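Mapped onto the working numbering, the consecutive letters of the sequence shown carry residue numbers 1 to 596.
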Amino acid sequence: MKPTIEILERINQNSKCNKNEIFTRIYRYLQRPDIYFLAYKNLYANNGAATRGVDDDTADGFSEEKVALIIQTLKDGTYTPKPARRTYIKKKNGKMRPLGLPTFTDKLVQEVVRMILEAIYEPVFSDTSHGFRPNRSCHTALENITKGFNGIKWFIEGDIKGCFDNIDHNVLADLIGKKIKDVRFIQLVRKFLKAGYIEDWKYNETYSGTPQGGIVSPILANIYLHELDLFAEQMKQRFDQPQRKRSYTPEYDRIRQRLSYWKKKINHAEDSEKPILIQKYNEIRKEMLRTPSKLQADKKFKYVRYADDFLIGVNGSKADCEKIKSELKSFIGNTLKMELSEEKTLITHSENKARFLGYDVRVRRNAHIKRDKRGITKRTLNNMVELTIPFKDKIESFMFDKGIIRLVNGEIRSKHRTVLLQITEYEIVSTYNAELRGISNYYRMASNFSKLGYFAYLMEYSCLRTLAAKRKSTIAKIIHSHQDGHGKWCVPYLTAKGEKHLYFAKYMDCKKKRTFSDNIRKDALYYTHNTNSFESRLKARVCELCGTTEAKHYEIHHIHRLKDLEGKAPWEKYMIARKRKTMVVCRDCHKEIHRQ
C-alpha cells in the first residue's frame, strides 16, 4: 500500500498546479493506519500531549489497537468527538482567553484532518497571509511590510471583533465544500465544531467559532479568512493606478532645471571660474535633496494579514481610506458574518505610528543624505518603512508583569523575583536568558533595537538580585563569588563531561539571526520515510522493558518531561539512559509502571 504521506504530497502538487481543482473521496485517507502514527509523532513531544481533557486520555497508551479502534468508528460513522475541557489563560490586557483542551484521541484525528487540509489548501492560500503557515511567521509579515509599504501615505489597522469566537459554522462548511466534495469529511469537521465544551462540570454547546486550543482550528480559521485575502486582492486590482511616467512636483522640477543650467555652465567655463560655479551647483543640489520630489499621482493598495490582524497601506486620499474601510466592513459583515471593530480599525497617516504585531510601523520623511555604493548621494531613508519597539507599552509592561522592575520615586529600579527563589541558580539564570532572548529575537527587526540594552541591563541586575536574595547576600558578593577569571560572572554546573559555565545572555547576539519562520510542521508537503519510529517499534512487537515477544498487546508509555524522572525504577533508568519520553511496552509492564 502506498504511504499516505506520499498521497498527500501528490494532492499538494495537484493543488499547486491547478488552484481551482476540486478534491473528492478525501474521507478514505482517514481510514489508513500509517497516517495516525505520523500524527502521533507530530503530537507526542508537545507539552499538551500529557494534558488531560475531559477524561484520562493522553499520549500515554498509544497502540495499534487504539488506531484500529479509531478507524473502525470512522468507518461505521460512530466516531463522535468529546467536548473540550474549558480553561482560561490570562491575556496581556488582563482579560481571560478561553482555551479548549480536547482529549488526545480527538487531537490525533484533528491532526490527521489538519494534514489533509494543509496538503489541499496551502498552495491555494494567498502570499499576503502569514499566520499559522509553514515557513511563515510574524517576521515574514513584517518583512513584507518593510519591502512593500515604502512610500505609503496612509495605514488602515484592521481589527475583527472576536474573530475566532464568531466564525460561522455554515459559512465555513460552505467554503470547504467549494474545494472538497466529500460529505463525510465535511460532516466530521462539523462534528469538531459542534463538540461543545465542559466548564465547571457543565456541558455547553458551541454555535459558532473554532475552539482555541484545537489542533485543526488554525487552518480552519485560515480557510475562513482566505476569503478576506481574496477580497483584498480584488480591491487592489480596482484601486491601483500606476503612474505612467515619472513626474515631479513643480518645486522639484524647477530646481532640476536650475541644476541642469549650472551643470552646462560648469562644462563650458574656464578652469579659474569652475570652483565658484561648482560651489553654487552644490548649494542648489542640497536644496533639491531637501525638496519632496514625487508628485504622488499614482494610487497604490498594499495588504498583509497575520491570523485575524491585518494592515493595509494606501497611496491616496483619506477619503479613499474611508471608502476602503466601508467596503471591508460591508464584506466582513455580509459575507463572513463578522463585525469590523469601528474603535480599533484606525486610519493613520504614515508619518505617525501604526501598531501591528507588537511593532510600531511608520514611513520615514527623512532628508538625511547618504552615499550609495557608487558614491552617489541620495536620500536613502526617505519614504522607507521603519519598525520600532514600543518600549513603554511592551517591554516595560512585560517587566512589571513579571516582577522584574518596580517604581521608586518615579524611577524604574530592578528587583528580585520571589517566585524564582525555590529553584536552582542554574534554573534562575536560564529563566532570565530565555526571556531576554525571546524578546530580543522578536524585536531584532526594529531600527531602535539598541534600546533593548537598557532592558538587558534591568534583566541582568534583577537576576543578580534574585541570586543574592536566594543566598541572603549582596550583588557585589554574588558577582565576586561567580567570577570566571576573565572579568565575567557565570553559574557553574556539572555535566557528564565535567564542569561547565552558564553566562548571562547577550541581547546583541539575537540581532545577527535571520531565520524568520515559525516552527510549524509541514509533513504533508514533503515526502518522508514510509514508516516512522513509532510504527516500526510497535510492529516489532517487542517489549522494550522486559523483552517479551509473546504479549497480545503493545502500547507506548509516554511521560511529560524526562527531568521529572528520579531514576529509581528500571523503566525510569531505561528512559533516562536513552533520553526518550516514550517507551514501547507490553500491557502487563504498562500496568505495572502505572501501579508504581
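Don't be surprised by glycine CBs; every beta carbon is placed ideally from N, CA and C.
Values in this document were obtained by computation on a predicted structure and should not be read as measured data.
- Task: Assign Gly-438 to one of two classes, buried (16 or more other C-beta atoms within 10 Å of its C-beta) or exposed (fewer than that).
- Result: exposed
- Message: What does the alpha-carbon distance come out to for the pair Ala-59 and Phe-104?
- Response: 6 angstroms
- Message: Taking only three categories from DSSP, how would you classify Ile-412?
- Response: strand
- Message: Please identify the residue among Val-363, Ile-405, Phe-37, Ala-551 whose C-alpha is closest to the C-alpha of Gly-151.
- Response: Val-363
- Query: Under the DSSP definition of a beta bridge, which residues are partnered with Gly-313?
  - Reply: Its beta-bridge partners are Phe-155, Lys-302.
- Task: Could you tell me the distance, in whole angstroms, from the CA atom of Thr-528 to the CA atom of Glu-6?
- Result: Because the pLDDT at Thr-528 is just 32, under 50, the model does not fix this residue reliably, and the point stays unresolved.
- Which residues mark the beginning and the end of the beta strand (DSSP E) in which Arg-52 is found? Here Arg-52 belongs to no beta strand (DSSP E), and DSSP marks it neither H nor E.
- Query: What are the start and end residues of the alpha helix (DSSP H) that includes Ile-539?
  - Reply: At residue 539 the sequence reads Lys, which differs from the Ile that was named. First-last of the alpha helix (DSSP H) with Lys-539: 533–539.
- Answer yes or no: does any C-beta atom of chain E fall closer than 7 angstroms to that of Tyr-44? Going by chain labels, chain E is absent from the structure shown, which holds only one protein chain.
- Task: Kindly indicate the opening and closing residues of the beta strand (DSSP E) around Leu-502.
- Result: 498–503
- Task: Output the distance between the C-alpha atoms of Trp-201 and Lys-337, rounded to the nearest integer angstrom.
- Result: 31 angstroms
- Message: Considering only their Cβ atoms, is the gap separating Thr-87 from Leu-74 smaller than 7 angstroms?
- Response: no
- Message: Using C-beta distances below 8 angstroms, list every residue in its chain close to Ile-223, excluding the 5 sequence neighbours before and after it, in chain order.
- Response: Leu-117, Tyr-121, Leu-172, Leu-175, Ile-176
- Message: Buried or exposed for Tyr-203, going by 16 or more other Cβ atoms inside 10 Å?
- Response: exposed
- Item | Span of the alpha helix (DSSP H) around Asp-360 | Note, Asp-360: premise wrong, no alpha helix (DSSP H); beta strand (DSSP E) at 359–363.
- Query: With DSSP run on the structure shown, which of helix, strand or coil describes Ile-35?
  - Reply: helix
- Ignore the nearest five residues each way along the sequence and tell me which others in Ala-468's own chain have a CB closer than 8 angstroms to its CB. Excluding five sequence positions before and after Ala-468, the CB atoms of its chain that fall closer than 8 angstroms to its own CB belong to His-416, Thr-474, Ile-475, Lys-477, Ile-478, given in chain order.
- Message: Run through the DSSP bridge pairs and tell me what Asn-441 is partnered with.
- Response: Answer by DSSP bridge pairing: none, since Asn-441 is not bridged.
- Considering only the beta carbon of each residue, do Phe-504 and Glu-435 sit closer than 7 angstroms? No.
- Any idea if Arg-305 is buried or exposed, counting beta-carbon neighbours within 10 angstroms, 16 or more meaning buried? buried
- Message: List, from N- to C-terminal side, the beta strand (DSSP E) runs of 3 residues or more that fit wholly inside the region 116–190.
- Response: 154–159
- Relative to the alpha-carbon of Met-508, which residue among Glu-499, Gly-485, Ala-456 has its alpha-carbon at the smallest distance? Ala-456
- In the region 572–596, which residue ranges form an unbroken alpha helix (DSSP H) of at least 4 residues, counting only runs that do not cross its ends? Restricting attention to alpha helix (DSSP H) runs no shorter than 4 residues, the region 572–596 encloses them at 587–595, ordered along the chain.
- Message: Short of 6 angstroms in beta carbon distance, which residues of its chain neighbour Asp-518, apart from the five on each side in sequence? Order them along the chain.
- Response: Here the model assigns Asp-518 a pLDDT of 47, short of 50, so the residue's position is not dependable, and the following value carries that caveat. Once the five neighbours on either side are set aside, the close Cβ partners of Asp-518 are Ser-137.
- Distance CB(Ile-332)-CB(Glu-287) smaller than 7 angstroms: no
- Please list, in chain order, all residues of the same chain as Glu-351 whose beta carbon is under 8 angstroms from its beta carbon, the five residues on each side excluded. Annotation for Glu-351: Arg-362, Val-363, Arg-365 place their beta carbon closer than 8 angstroms to its own, counting only its chain and skipping 5 residues before and after.
- Limits of the unbroken beta strand (DSSP E) element including Ala-84: 84–90
- How about Gly-196 and Pro-81: do their beta carbons lie closer than 7 angstroms? Not in contact: Gly-196 and Pro-81 (Cβ atoms no closer than 7 angstroms).
- Throw me the rounded Cβ distance for the Arg-85 and Gly-53 pair, which I believe falls under 8 angstroms. Their Cβ separation, rounded to whole angstroms, is 5 angstroms, which keeps Arg-85 and Gly-53 in contact under 8 angstroms.
- Run the CB neighbour count on Pro-218, radius 10 Å, all protein chains shown included, and call it buried at 16 or more, exposed below. Pro-218 comes out buried.
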